[in-house]
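Chains as they are written, first to last, in the working numbering: chain S, 46 to 384; chain G, 46 to 384. Report on the following structure.
Protein chains: 2
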Amino acid sequence: MGVEDFEIINKKIKKIEDILEKIKKRIVKSNNIAVIGHVNPDGDCIGAQLGLGLALETLGKTVYNVNQGPFDDDYARNFENNFIKDTQSDIDLYIVVDSASAARISYDQDKIDFNKTIVIDHHLSNNKYGKINWIDDAYLSTCEMIFLLLFFLKVDINETIAQHLLNGVLSDNGYFQHIRKDKFFSLYIVYLLIKYGGDPNVSRNLMFCNNTIQTEKMFALALNRLESRADGKILYSYIYDKEKNEIGDFHSGMFFRETASIKGAKIFVFFKIDEEKETINISFRSTDDIDVSKAATLFGGGGHKVAAGAHVRGEFSEVKEKTLKLLEDMLRDTASISS
Amino acid sequence: MGVEDFEIINKKIKKIEDILEKIKKRIVKSNNIAVIGHVNPDGDCIGAQLGLGLALETLGKTVYNVNQGPFDDDYARNFENNFIKDTQSDIDLYIVVDSASAARISYDQDKIDFNKTIVIDHHLSNNKYGKINWIDDAYLSTCEMIFLLLFFLKVDINETIAQHLLNGVLSDNGYFQHIRKDKFFSLYIVYLLIKYGGDPNVSRNLMFCNNTIQTEKMFALALNRLESRADGKILYSYIYDKEKNEIGDFHSGMFFRETASIKGAKIFVFFKIDEEKETINISFRSTDDIDVSKAATLFGGGGHKVAAGAHVRGEFSEVKEKTLKLLEDMLRDTASISS
Chain S
46 MGVEDFEIIN KKIKKIEDIL EKIKKRIVKS NNIAVIGHVN PDGDCIGAQL
96 GLGLALETLG KTVYNVNQGP FDDDYARNFE NNFIKDTQSD IDLYIVVDSA
146 SAARISYDQD KIDFNKTIVI DHHLSNNKYG KINWIDDAYL STCEMIFLLL
196 FFLKVDINET IAQHLLNGVL SDNGYFQHIR KDKFFSLYIV YLLIKYGGDP
246 NVSRNLMFCN NTIQTEKMFA LALNRLESRA DGKILYSYIY DKEKNEIGDF
296 HSGMFFRETA SIKGAKIFVF FKIDEEKETI NISFRSTDDI DVSKAATLFG
346 GGGHKVAAGA HVRGEFSEVK EKTLKLLEDM LRDTASISS
Chain G
46 MGVEDFEIIN KKIKKIEDIL EKIKKRIVKS NNIAVIGHVN PDGDCIGAQL
96 GLGLALETLG KTVYNVNQGP FDDDYARNFE NNFIKDTQSD IDLYIVVDSA
146 SAARISYDQD KIDFNKTIVI DHHLSNNKYG KINWIDDAYL STCEMIFLLL
196 FFLKVDINET IAQHLLNGVL SDNGYFQHIR KDKFFSLYIV YLLIKYGGDP
246 NVSRNLMFCN NTIQTEKMFA LALNRLESRA DGKILYSYIY DKEKNEIGDF
296 HSGMFFRETA SIKGAKIFVF FKIDEEKETI NISFRSTDDI DVSKAATLFG
346 GGGHKVAAGA HVRGEFSEVK EKTLKLLEDM LRDTASISS
């Protein structure tokens, strides 16, 4: 690659040179390094751990890549064997990635010396539990930060390292679905990671190719039940837990991704009904102008502006009507405020 | 934006300076410029025409943005009013974008002086019907080429121009779904276009938010009929034309996009059955290692390696069995070759 490919990276690094220099000094003087992630690791955590781990090995370090799991989803299970569950005691340096709090770390906290710990994370809520903390929510993924660090450390980024980081960046930007006008630096990083030999199709297979025919039949059932309120501004559907057992496993994210393609829709609701326990799980999604966390809160739940949820007791038809009525009122209020 | 943002562009432009210089000279000495696209314009054509047209206006040119349509899909219809169907006769320069042949141009060929015509296109099959022809299939979209040209012309790329070009690039890279290890320059262009003020969410709304509840119910029907052969390597489904009329319109692309998420699947087939005419439309898709154009050809159709189709006469159950048998044989041959 030519020098010109890195001008944007060099500019970015200039702005964060102080923290990178601190991290570098600690790495240089350490030999045995534990790289640690969070429980139930997602693509970003896995990519950051493995990319950083391999890079440190190329620098001659002995690396312990620790994650006790659990490795719950199909994506994570692909990588379970790349991690160890424990490490020996003479660790010079702990680097914890992508973990917003010490409680989220997937390793025994009493085995970590937090005075020898560097925390690297892109979550705004990170409570800086390390000796050195590089926390910046300007990045969509922790892997982007690892890339900048490796670049600063002058690591030779080989195809394998590039692939791990690419997997991570694409995981947290939802394979480009969360690219926004105010956060798109990951596009440039992805451009470089492909130049370094990463393959976006490999990432895609890891992320999206775990469905079965039964998943799709359950998805079809949910889609077929699709109904609307408020002139199509509210869309909803539902499944019963027993159907999931009869037909197949299904993630409501598929429903939300699909229904986001419907013209004019603003609020998306999915009910999961457990008849035995007489409970209903309500998931809400919305477009940018509607705050569904308010609705979730009224049902004793919570979440973000555009993605929230609640768990309620009751009979489905009643809960459904109460929910839709509430959302219709919210929509009317939003309309009257904006008019 | 800083100089560093453009280092990669400057390097790219150096390699194509000769053709850009030729195009620039013709533009500079022209006042009345017709910008022309192809019939049934897609996102790339529309973005390239509108982006280039606005840019030429900022350079003080009188621009005639011509496209007679038809504007068949929802995306295109959004922009129909941005185009005129005819132009006056004293045109100094015709610029035709994204049209692989003169026959594809959405304007009367006898009204175009091809001696005064520049052709800009990324289709390999373009037969160079202009006086100046800039044809390069290294780009995923014509809009990338327009971006390089505008950059070379030192056009002030405002938000509107950036949005048009962004729409076009994202259309032809399938909103990042066709980014491959060997063609990913569009990522860098998208990065810059967002910096210039383009909003990828606007593009997404244009591309993906035209479905109705009825579209989804038809999609659900197709998904619910999903079946497999050859240990899940072949997936297929079908609809009857009359169902489309009863339930809703539905594009088989939705089926292929969704079923690509199924683990182990390699060949995807969709049958559209017209019982009245006794004809069946067969669409094939495949992963990189299977050439479905061969199957399509055997049925009198054709296409690309990973996307092909055929139109046959016959009774569905027979056609289905014949098709699946053929594909099973193909799979076996592929397996024996690669083993």
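Beta carbons: idealized from backbone N, C-alpha and C, even for Gly. This one's a predicted model, so the numbers in the text were calculated from it and none came from an experiment.
| Item | Value |
| --- | --- |
| Give me the Cα-Cα distance between residue 185 of chain G and residue 214 of chain G, rounded to the nearest whole angstrom. | 7 Å |
| Just to check my reading of the structure: residue 45 of chain S and residue 329 of chain S have Cβ atoms closer than 8 Å, yes? What is that Cβ distance to the nearest angstrom? | Missing from the structure shown is residue 45 of chain S; chain S here goes from 46 to 384 and no further. |
| Is residue 229 of chain S helix, strand or coil when you go by DSSP? | coil |
| What is the rounded straight-line gap between the Cα of residue 58 of chain G and the Cα of residue 182 of chain S? | 35 Å |
| Does residue 328 of chain G come within less than 8 Å of chain S when only Cβ atoms are used? | no |
| Please classify residue 384 of chain G as buried or exposed, where buried requires at least 16 neighbouring CB atoms within 10 angstroms. | Confidence in residue 384 of chain G is poor, its pLDDT being 48 and thus under 50, which makes the residue's placement too unreliable to answer from. |
| Residue 223 of chain S lies in the beta strand (DSSP E); which residues open and close that run? | Note, residue 223 of chain S: premise wrong, no beta strand (DSSP E); not H, not E. |
| Does residue 167 of chain G pass the burial test, meaning 16 or more other C-beta atoms within 10 Å, or should it be called exposed? | buried |
| Ordered along the chain, which non-local residues of its own chain (more than five positions away) have a Cβ less than 7 Å from that of residue 244 of chain S? | 208 |
| So what does DSSP say about residue 329 of chain G, is it helix, strand or coil? | strand |
| Please state whether the Cβ-Cβ distance between residue 286 of chain S and residue 319 of chain S is less than 8 Å. | yes |
| Considering just the uninterrupted stretch of the alpha helix (DSSP H) at residue 3 of chain S, what are its terminal residues? | Only positions 46 to 384 of chain S appear in the structure, and residue 3 of chain S is not among them; the question remains open. |
| Can you tell me which residues form a DSSP beta bridge with residue 316 of chain G? | G/283 and G/327 |
| Taking only the alpha-carbon atoms, compute the straight-line gap between residue 274 of chain S and residue 219 of chain S and give it to the nearest angstrom. | 29 Å |
| Indicate whether at least one CB of chain S lies closer than 8 Å to the CB of residue 261 of chain G. | yes |
| Check whether chain S comes within 8 Å of residue 350 of chain G, counting only Cβ atoms and requiring the distance to be less than that. | no |
| Chain S partners of residue 49 of chain G, CB-CB under 8 Å? | 52, 53, 55 and 56 |
| Are the Cβ atoms of residue 292 of chain S and residue 372 of chain S separated by less than 8 Å? | no |
| From residue 103 of chain G to residue 200 of chain G, what distance separates their C-alpha atoms? | 7 Å |
| With DSSP as the reference, label residue 109 of chain S as helix, strand or coil. | strand |
| Return no unless some Cβ of chain G is closer than 8 Å to the Cβ of residue 308 of chain S. | yes |
| Taking the beta carbon of residue 172 of chain G as the centre, do at least 16 other beta carbons fall within 10 Å, making it buried, or is it exposed? | exposed |
| Counting only beta-carbon atoms, is residue 233 of chain G nearer than 8 Å to chain S? | yes |
| Looking only at its chain, what residues have a beta carbon closer than 7 Å to the beta carbon of residue 97 of chain S, apart from the 5 residues adjacent to it on each side? | 80, 140, 142 and 191 |
| Counting Cβ pairs closer than 8 Å, one from the region 110 to 123 of chain G and one from the region 231 to 240 of chain G, do we hit at least three? | no |
| In chain order, which continuous runs of the beta strand (DSSP E) of length 3 or greater are located wholly inside the region 262 to 307 of chain S? | 272 to 274 and 279 to 285 |
| Using a 10 Å radius around the Cβ and a threshold of 16 neighbouring Cβ atoms, would you call residue 60 of chain G buried or exposed? | exposed |
| Return the bridge partner residues of residue 235 of chain S from the DSSP annotation. | In the DSSP output, where bridge partners are listed per residue, residue 235 of chain S has none listed. |
| For residue 415 of chain S, which of helix, strand or coil comes out of DSSP? | Only positions 46 to 384 of chain S appear in the structure, and residue 415 of chain S is not among them; the question remains open. |
| My understanding is that residue 338 of chain S touches residue 349 of chain S, with C-beta atoms under 8 Å, so please give their C-beta distance in whole angstroms. | 6 Å |
| Going along the chain, which residues of the region 90 to 121 of chain S sit with their C-beta nearer than 9 Å to a C-beta in chain G? | 119 |
| Helix, strand or coil for residue 369 of chain G, going by three-state DSSP, please let me know. | helix |
| Tell me which residues share the same chain as residue 64 of chain S and place their Cβ nearer than 6 Å to its Cβ, disregarding the 5 neighbours each side in the sequence. | 179 |
| If the criterion is Cβ atoms closer than 8 Å, does the pair residue 78 of chain G and residue 194 of chain G meet it? | no |
| Does the beta carbon of residue 254 of chain G come closer than 8 Å to any beta carbon on chain S? | yes |
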